[in-house]
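**Q** Going by the UniProt record's numbering, the first residue of the sequence shown is number 1, and it counts up by one from there. We put the beta carbon where it would ideally sit given N, CA and C, even for glycine. Just so we're clear, the structure is a prediction, and the values are computed from it rather than from any experiment. Submitted below is the structure of interest, expressed as structure tokens.
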Amino acid sequence: MSKRIVIMGECMVELYQLVDNVYHQNFAGDVFNTAVYLKRTSEVPVDVQFFTAVGTDLISDKLVRAVEREKIDTSLMLRTKTARPGLYMINTDAFGERSFVYWRDSSAAKQTLQCFNQQLDFSALQGCDMFYFSGITLAILSDSDRAQLFELVQQLKASGSQIVFDPNYRPALWPHADNAKAAFIQAYSLADVALPGLDDHKVLFGAQTTNDVVEQLAELGVAEIIVKDGKNGINGRYQQKGFTAQAHAVKKVVDTTAAGDSFNGGYLAARLGGIAPQHAVKFAARLAGFVVEHTGAIVSKDHFNGFWAQNRPSVFVK
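So this is what it looks like as structure tokens:
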């Protein structure tokens with residue numbers, strides 16, 4: 001039986017530079033990137049639903065079609081007449097590190113819960129096997145909408161859904177770091193699986209090592225913890241047992257835009273396929289290494305198919 005995964009957040013118009021003054025247009029966003037790579041790499045049937053709001057304009061129509069091309073369910077992509085998708089532009093340096101310029105203040109995704117209240121009810125989410133959201137999902141919502149989201153997540157957890165959270169801290173989206181810290185603690189207290197990076201916890205929680213992060217989240221009751229630390233690898237804990245894994249060696253970093261997002265998608269796909277965390281992280285690291293060798297957040301299907309022909313989550317079980 002297919003497993004139903006609801007992934008909530010924002011998808012934006014992405015522009016990345018090909019040559020001077022020439023940009024390629026695509027669609028991307030942290031949770032959407034994760035949804036794409038989860039769907040593409042799952043070896044078991046999964047029904048991935050993207051939960052967001054978009055406009056009624058032509059670019060929103062194009063965004064919905066792009067989501068459909070990834071075989072992601074769009075029934076939770078709600079429409080608003082008063083906003084359009086946000087937009088961001090990527091510029092990358094010679095080392096693959098990127099800088100962004102955003103136009104997202106009036107993004108339709110900010111109205112997701114308002115649209116949800118008008119067009120749907122809890123039954124539209126109830127029964128999902130997994131609910132995934134991020135710190136960016138929290139950041140773009142108003143205080144009242146964020147409080148409602150936590151209520152929904154609590155209801156989902158109580159009804160048996162697995163809750164997955166990635167903090168993905170972006171300082172520019174929060175009025176103060178303390179607001180983000182409080183929201184993340186609340187999210188972690190509800191999460192069954194946490195997928196943070198060390199850098200976020202250095203800033204918000206004073207962590208110095210990945211072990212610090214593991215201990216912090218274990219105290220908050222998170223059962224499955226995967227801490228990413230770039231080229232230094234991964235530190236994890238599951239069923240009260242710790243493990244580590246190396247990062248995948250990359251020949252040439254081209255664009256790190258979706259490194260963490262693709263890792264998360266690959267990890268969750270492997271876990272949904274029954275693969276243990278210590279093996280799932282190996283596949284996830286290999287996928288992230290492949291993604292950063294390409295420009296933009298979403299690797300073209302042609303390039304991805306070449307990777308997929310030689311790399312499956314089950315191959316990493318040794």
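Hey, quick one: how far does the beta strand (DSSP E) through Tyr-102 stretch, first residue to last?
**A** Translated into the one-based positions of the sequence shown, residue 102 becomes position 102. Looking at the DSSP string, the run of the beta strand (DSSP E) that includes Tyr-102 is 98-103.
**Q** State whether the region 123-131 contacts the region 79-98, with contact taken as three or more CB pairs (one from each stretch) at a distance under 8 Å.
**A** Because the criterion of three Cβ pairs below 8 Å is not met, the region 123-131 and the region 79-98 do not touch.
**Q** Comparing the CB of Thr-137 with every heavy atom of the ligand GDP, is any distance shorter than 7 Å?
**A** Questions concerning the ligand GDP fall outside what the structure shown contains, since it holds no ligand whatsoever.
**Q** Identify which residue in Asp-302, Gly-289, Pro-277, Glu-10 has its Cα closest to the Cα of Leu-138.
**A** Locating residue 138 in the sequence shown gives position 138, counting from the first residue. That would be Glu-10, whose Cα lies nearest to the Cα of Leu-138.
**Q** Nearest-angstrom Cα distance between Leu-173 and Val-214?
**A** If you number the sequence shown from 1, residue 173 lands on position 173. If you number the sequence shown from 1, residue 214 lands on position 214. Computed Cα separation, rounded: 25 Å.
**Q** Our contact map puts Ala-28 next to Met-12 with C-beta atoms below 8 Å; I'd like the distance itself, whole angstroms only.
**A** Counting from 1 along the sequence shown, the entry for residue 28 is found at position 28. Counting from 1 along the sequence shown, the entry for residue 12 is found at position 12. With a Cβ gap of about 7 Å, Ala-28 and Met-12 count as contacting.
**Q** What is the residue span of the alpha helix (DSSP H) that Gln-162 lies within?
**A** In the sequence shown, counting from the first residue as 1, residue 162 sits at position 162. No alpha helix (DSSP H) holds Gln-162; the beta strand (DSSP E) holding it covers 162-166.
**Q** Would Leu-272 and Val-46 be called neighbours here (beta carbons separated by less than 8 Å)?
**A** Residue mapping note: residue 272 aligns to position 272 of the sequence shown, counting from 1. Residue mapping note: residue 46 aligns to position 46 of the sequence shown, counting from 1. Contact: yes.
**Q** For Gly-266, which three-state DSSP category applies?
**A** Along the sequence shown, read from residue 1 onward, the residue named residue 266 stands at position 266. Correct three-state label for Gly-266: helix.
**Q** What would DSSP say about Glu-10, mapped onto helix, strand or coil?
**A** By one-based count along the sequence shown, residue 10 stands at place 10. In the structure shown, Glu-10 sits in coil (DSSP, three-state: anything other than H, G, I, E or B).
**Q** Quick check on Glu-224: buried or exposed, where buried means 16 or more other Cβ atoms within 10 Å of its Cβ?
**A** Numbered from its first residue, the sequence shown carries residue 224 at position 224. Buried, since its Cβ has 16 or more Cβ neighbours within 10 Å.
**Q** Quick check on the burial criterion: 16 or more other C-beta atoms within 10 angstroms. Buried or exposed for Ser-56?
**A** Here the question's residue 56 lines up with position 56 in the sequence shown. Looking at the sequence shown, residue 56 is not Ser but Thr. Exposed, by the Cβ-count rule.
**Q** Sort Arg-104, Arg-312, Ala-218 by Cα distance to Ala-284 and report the nearest one.
**A** Here residue 284 is taken as the residue at index 284 of the sequence shown, counted from 1. Minimum Cα distance to Ala-284 is reached at Arg-312.
**Q** Check for me: the alpha helix (DSSP H) holding Asp-212 runs from which residue to which?
**A** As a working note, residue 212 is residue 212 in the sequence shown. Asp-212 -> alpha helix (DSSP H) spans 210-219.
**Q** Quick check: Val-48 and Asp-20, are their CB atoms within less than 8 Å of each other?
**A** Within the sequence shown, numbered from 1, the residue matching residue 48 stands at position 48. Within the sequence shown, numbered from 1, the residue matching residue 20 stands at position 20. For Val-48 and Asp-20, no; Cβs fall outside 8 Å.
**Q** Taking DSSP as the reference, what is the three-state secondary structure of Lys-228?
**A** Working through the sequence shown from its first residue, we reach residue 228 at position 228. The answer is strand: DSSP assigns Lys-228 an E or B state.
**Q** Phe-133: which of Gly-86, Pro-167, Ala-158 sits nearest, CA to CA?
**A** Position 133 of the sequence shown holds residue 133. Nearest of Gly-86, Pro-167, Ala-158 to Phe-133, Cα basis: Pro-167.
**Q** How far does the beta strand (DSSP E) with Tyr-132 in it extend, from its first residue to its last?
**A** Numbered from 1 along the sequence shown, position 132 holds the residue referred to as residue 132. Taken as a continuous stretch (DSSP letters only), the beta strand (DSSP E) holding Tyr-132 covers 130-134.
**Q** Does DSSP put Asp-145 in a helix, in a strand, or in coil?
**A** To locate residue 145, count along the sequence shown from 1; it is residue 145. The answer is helix: DSSP assigns Asp-145 an H, G or I state.
**Q** Quick one: what's Ser-107 bridged to in DSSP?
**A** Working through the sequence shown from its first residue, we reach residue 107 at position 107. Arg-84.
**Q** Give me the Cα-Cα distance between Lys-228 and Ala-182, rounded to the nearest whole angstrom.
**A** By one-based count along the sequence shown, residue 228 stands at place 228. By one-based count along the sequence shown, residue 182 stands at place 182. So the alpha carbons of these two residues sit roughly 21 Å apart.
**Q** Per DSSP, which residues does Phe-243 bridge with? Please list them.
**A** In the sequence shown, the residue the question calls residue 243 occupies position 243. Its beta-bridge partners are Gly-236.
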